[in-house]
Every structure is written in structure tokens, then in C-alpha cells.
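For the sequence shown, UniProt numbering assigns the number 1 to the initial residue and increments by one for each residue that follows.
Where is the CB? At the ideal position from N, CA and C, for every residue including glycine.
Report on one structure; see the data block that follows.
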Amino acid sequence: MAQYDILAKQLSDIEKAIHFYREHVELPSFFHALGPVNGKRVLDVGCGDGLYARLVAQRGAGQVVGTDSSSEMIRLAEAAEADQPLGVLYHVHDVATMPTMGEFDLVIAVNVLHYADNRATLDGMCERISSNLVSGGRLLAYVGNADVDREAARDFGFIVDRPADLGEGDPFTVTIRTNPPASVQVHYWTATSLTRAVESAGFTRVGWEEMTHSSVSDDAAARLGRLLKNPPGLLLSAYKE
Ligand SMILES: C[S@@+](CC[C@H](N)C(=O)[O-])C[C@H]1O[C@@H](n2cnc3c(N)ncnc32)[C@H](O)[C@@H]1O
1 MAQYDILAKQ LSDIEKAIHF YREHVELPSF FHALGPVNGK RVLDVGCGDG
51 LYARLVAQRG AGQVVGTDSS SEMIRLAEAA EADQPLGVLY HVHDVATMPT
101 MGEFDLVIAV NVLHYADNRA TLDGMCERIS SNLVSGGRLL AYVGNADVDR
151 EAARDFGFIV DRPADLGEGD PFTVTIRTNP PASVQVHYWT ATSLTRAVES
201 AGFTRVGWEE MTHSSVSDDA AARLGRLLKN PPGLLLSAYK E
């Protein structure tokens, strides 16, 4: 069973634990980098419960499709769609093996590429993403910051159990401080490894987007400053020629 089939039951507690980061850094940075989506065809891979797919649809995307390897996460996404229809379609697919579902202008991959368990899987993910993009289409992907400072991560609600001297693609555990704690196994992909993998799949103009933030109260400014200095996620942008 996919690890997120189990975590799906704890999703609202997980969201609460990482809320400050999501609200003040992750979402503002993503939408700043994304720009207008009006009329665009968007594929959200590793869409989870559809948070980003729904936000992109609300911002005027022409067509939005979400995929995830966890049937439980897709069930949650479909429940949200049934509750408030936005026309988003969802399918259960692994990114590394998903079919070509159409011609998309944009693929978003939020916190998913770091689940690739080896280089062949990561290459498969990049190749399958490329095959779903039109020429000139863009990939915008949040990836775990492999070298995030452990103490800083704890401050944001994550416990990073990362042995020293990890090699490319090696597994390590990230635990979110819910009750009971929610652990996920992720893989060690540095920004350099990810850039290389995306370029190998034929993407060009590969770069790392600036992290930005929304405004916070004076009380929260120091916490925000620590987060910006040491973000748990990094934002990769690349184009298919
Ligand atoms: C951290 S969650 C992010 C969900 C969503 N993108 C968000 O940010 O709210 C990671 C998601 O990636 C999915 N996932 C992990 N590995 C995957 C794979 N190989 N193919 C498709 N989905 C995958 C998990 O099931 C989970 O829903």
C-alpha cells in the first residue's frame, strides 16, 4: 500500500503542523513563480488531496488534471471536487509510469519528485512529465531541500532523520510532528542531481525560483526569517523545448 494511503487519515493534522510554512512561504513562492494560468492546460502530478489543482483551477486554468499514486489521496481529491465542483479530473497514476494523458502547457509537481527511490525512477518521472507537455511547456516542481538544517526543520514542524554522507537517491525519514507523529520515507536528491535529471530528460532553462513570502505579524517575523534562510522546499522551473 502506498505510504500516503495510510497518511491520508492524518492529513488535516499534517496540514495543521506545516500550516505556517505552507501559508507564508510555500504557496506565495509557488504562485509568484507560476504567473498567470488563464486558459492553460495543467497537470498536477502527486496532487495529493488536490490542494494545488484546485487553486490553479480557481485561478482560471482551462483544464486541470490531477494524478497521484495513492488511491486514498485521489479519493479525498474527488470528495473535494464533489463538494465544490471546479471541473478538475483525477486519476490514480505513478508519475514514473503514467501514460500520456494529453497535451499540457504546465505540469506542477509539488513535493513529489523526492519520492523517486533511484535514478531510473527519477528519470522515468522526468520523461513521463515531458511526454505530457507541449513543446514550450513548463514544469514547476517543489522538491524537498535535501540539505535543510535539521534544527530549522524542527522549528517548522518537521523532524529530519538524515544520516550523514547520504548518496544520491538514498532513503531517509521525515516525521511531521502530529499526534501520533506521521513519518514518510523520502530520498536524497540534491539540487544538482535534480537539475541533471531534468536536463537529461531534455528540459532546458532549468533554474531555481526565488522563495518569497506573505506578510506576517511582528511576532512571527523571526520565524519567517529562519524559514526563508533555510526553506524545507526548493522550487525548480524548467521548459520543454
Ligand atoms: C507531500 S504530498 C504532496 C501532495 C500535494 N502535491 C500537496 O502539496 O498538497 C506527496 C504526494 O505525492 C504522492 N506520491 C508519492 N510518490 C508518488 C509517485 N511515484 N507517483 C505519484 N504520486 C506520488 C503521494 O501519494 C502524496 O499524495
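When secondary structure is reduced to three states using DSSP, K229 falls in the helix class. The Cβ atoms of G137 and D170 do not sit closer than 8 Å to each other. Taken through DSSP and simplified to helix, strand or coil, L166 comes out as coil. In the DSSP assignment, I74 falls within the unbroken alpha helix (DSSP H) covering 71-83. At least one heavy atom of ligand 1 sits closer than 7 Å to the Cβ of C47. Between the C-alpha atoms of Y90 and G35 there is a straight-line separation of about 23 Å. A direct Cα-to-Cα measurement between F158 and L224 gives close to 15 Å.
The three-state reading of DSSP puts G136 in strand, counting E and B together. DSSP, reduced to helix, strand and coil, places H19 within a helical segment of the structure shown. For the pair of segments examined, the segment 121-141 was found not to touch the segment 217-231: the number of CB pairs separated by less than 8 Å stays below three.
If you check the CB distance, E168 and Y188 come in under 8 Å. Judged by beta-carbon spacing, G233 lies beyond the 8 Å limit of G102, meaning their Cβ atoms are not closer than that value.
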